[in-house]
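Those letters in the sequence shown? Residues -27 to -1, 1 to 407, per mature numbering (1 follows the signal peptide of the UniProt record, and there is no 0), in order.
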Amino acid sequence: MNNRRKKWRSLAAVCLACALGFVGCKAEDGGKEAASEALSDSMKEETGNSGEMASDAGTDTGKRARGSGKLEYGPGAGQVLSQEQEKLLLDYMNIYFASLEDFEPRRMDGLFADKEQEELAQEAVGLQISLRKMQKADYTLASWSYVLTLDEISPQEDGTIHIRASEDSIQNFSQNPDTDSRRYGSPHQFVLGEKSGSWKLESHISFDPVWLMLWSEKGGLDAEDVAREYADAVPEYLEYAEEALSDREEDREREAEAVEAQEPYDRQAALRYARRYVQDRNGEWEDYGSRGGNCQNYASQVLHAGGIPMDIYGDAVWKWYWDEVSNVPGARGRSSSWTGVDEFMAYASENTGYGLAAEMDAPYYDGEPGDLLHMGMDGDWGHTVVVSALVTDESGRTVDYLVDSNTGDLSDYPASLYGYPEIVLTKIAGWNEG
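This is the structure:
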C-alpha cells in the first residue's frame, strides 16, 4: 500500500461516510432525521407567504440556466432572513448547479467577503466537475432543481449569521435526461456577514469528500483554517478516484464465479421496496441513522423484501428480530451482518448452506438492478447502496450504475458520483434451503 492510500485510509475511510448526505454504515448501528420544509404558523404570518423564496437562475455568461431553486424555512429556523440574505444563498446555489450544466465554472464575483473563500468555493465546484468529467457516462446536466431548507439560523455576537441548511435536489443528467436523480437532505453550512452595507458569504461548507478528509485531520470544520489545504488536497483525491475507476475498467476481463441458488431472488419486489423507503423509513424496523448509518440496514431490508430469508443457522448468521445484538444462531436479536457493511460483506462471502447465495466482489460491471454495491477507501468499506438501474453506452455496455440508498438518501443517483473512490459489487444469485 503506498503512502498516499495510507493517508486516505487513516483520514477519510470513516469520515467520508459521515456527511454530504452520505452518512455511511461503519458502525453496526445506523435513519436520518428528515429536514422539514414547513414554516411555523408564526413565520408564515411574519413573511406573509408560504415561507418560500424562488429564484430562476441566470449566469455570469448571460445564458439562461437549465434549472431553478427555492428557499424554505424549517420549524427550527428561529427567524427569517432578509430578501438580500435569501438572494445571496440562492445566487450561490444557482451558480453551483449552473456550473455543472456543461462543466463550465461560473464566476462567483461579489458573493464572498473574502477572496480566499471565493477561491475555495470555486475549488469545490471544480472537484465536482472533474469527478463527473472522468466518467464514461455523460454527466452534464440537462436540467436541475432544488429546495434549500434553512434548518437553523443563529445570529452571532460579532454580527455574522450562521446557517445550517439541507438540500433536496433533482438532477437530470444528459446521459439519461428523463431520469430524476434525487438527493434528500444534503447538509450545508453558511456564514453570512455584512460588509460595507451589503451582505456577503463569509464561508460555505457542503461536506464533499475532500472537506471530510480535512475534517478528520483537523478534528473539526473551519472554513478559514482549511481553505488552502482543500485546494492542495483536491488533486490528490481526484488522482485516487481516477485510479479506482481505471481498476474497475480492468475488472471487465475477470470471469464471474459460478454461484448456485436453489431459490430465486425477486429483483422487482426488492426494487419496489428500495424505492418506497429511500426517503421514508419502514416503522417495522429500527432506524440506525443516528447510530452510524442506516445504509446496510436498508440494503438488508431490500434483500429480505426480494425473498432472501433471514439466516439463523450455522456460524454465519444474518437476521433482525429486535435491536439487541446477537451474532449466534437462533431467532432472536440482530446480527452485526444485518446493519454493518464489513460484517455483511463477510457474511455474503462466507455463507454456505442455508440462506443468501451471492458472489462478493463480483466483476464490477456484471451487476443487475437489485444487487448491492459497497463503497469505501482502500478496502475500508463504509457504505452500501442498492443498484436501481444500469447506465449503458451506445453499444449497450454497462459504464455505471444508478443507485438507491439511505443515509444519504439518494434515488437513481450515479454510483460513480457518490464520492467514494472504491466500489465493489455483491451479485445476488438467490438463496439456498441448505
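From the three backbone atoms N, C-alpha and C, an ideal C-beta is built for every residue, glycine too. If you're wondering where the values come from, they're calculated on a predicted model, not measured in any experiment.
Query: Contact check, Leu62 vs Leu44 under 8 Å by CB: the rounded distance?; Result: 6 Å
Query: Alpha carbon to alpha carbon, how far is Phe163 from Asp64? Give it in angstroms, no decimals.; Result: 13 Å
Query: What did DSSP end up calling Ala(-15) once you bin it into helix, strand or coil?; Result: Low local confidence applies: a pLDDT of 35 at Ala(-15) is under 50, so the model's placement there is unreliable, with the coordinate-based value given in what follows. Three-state DSSP puts Ala(-15) in coil, outside helix and strand.
Query: Could you name the residues that DSSP lists as bridge partners for Gln162?; Result: Arg137 and Ile178
Query: Over the uninterrupted beta strand (DSSP E) stretch that includes Gly355, give me the two end residues.; Result: Asp353 to Thr365
Query: Could you spell out where the alpha helix (DSSP H) holding Trp311 opens and where it closes?; Result: Ser309 to Thr312
Query: Spatial neighbours of Asp303 within its chain, please: C-beta separation below 7 Å, excluding the five flanking residues on both sides.; Result: Correcting the residue type first, residue 303 is Gly in the shown sequence and not Asp. For Gly303, where only same-chain residues beyond five positions count, the Cβ hits under 7 Å are Ile285.
Query: Start and end of the beta strand (DSSP E) containing Ile401?; Result: Glu395 to Asn405
Query: Which residue comes first and which comes last in the beta strand (DSSP E) that contains Ser116?; Result: Leu114 to Pro128
Query: Here's the rule I'm using: 16 or more other beta-carbon atoms within 10 Å means buried, otherwise exposed. How should Cys268 be labelled?; Result: buried
Query: Is the distance from the Cβ of Pro182 to the Cβ of Gly392 below 7 Å?; Result: yes
Query: Along the chain, where does the beta strand (DSSP E) containing Arg37 start, and where does it finish?; Result: Arg37 to Tyr46
Query: My parser needs the alpha helix (DSSP H) runs of 4 or more residues fully inside the stretch 239 to 297; what are they?; Result: 240 to 249 and 268 to 278
Query: Check for me: the alpha helix (DSSP H) holding Ser103 runs from which residue to which?; Result: Lys88 to Lys106
Query: Quick one: what's got a C-beta closer than 7 Å to Ala321's C-beta in the same chain, skipping five residues either side?; Result: Leu329, Ala331, Met333 and Thr399
Query: Taking the beta carbon of Lys168 as the centre, do at least 16 other beta carbons fall within 10 Å, making it buried, or is it exposed?; Result: exposed
Query: May I have the straight-line CA-CA distance separating Ala319 from Arg39, to the nearest angstrom?; Result: 45 Å
Query: Go ahead and pull the three-state DSSP assignment for Ser147.; Result: coil
Query: Tell me the rounded alpha-carbon separation between Phe146 and Glu91.; Result: 27 Å
Query: Taking one C-beta from the stretch 214 to 225 and one from the stretch 92 to 110 each time, how about it: are there three or more such pairs within less than 8 Å?; Result: yes
Query: Mapping DSSP to helix, strand and coil, what is Leu84?; Result: coil
Query: In its own chain, which residues sit with a C-beta less than 6 Å from the C-beta of Pro237, not counting the 5 before and 5 after it?; Result: Gly403
Query: May I ask you to verify whether the stretch 137 to 145 touches the stretch 115 to 127, counting CB pairs closer than 8 Å and requiring at least 3?; Result: yes
Query: Check Tyr320 in the structure and name its three-state DSSP category.; Result: helix
Query: With DSSP as the reference, label Ala50 as helix, strand or coil.; Result: coil
Query: Helix, strand or coil: how does DSSP classify Ala304 here?; Result: coil
Query: Looking only at its own chain, which residues have a Cβ that is under 7 Å from the Cβ of Asp239, when we skip the five neighbours before and after it?; Result: Gly279 and Gly280
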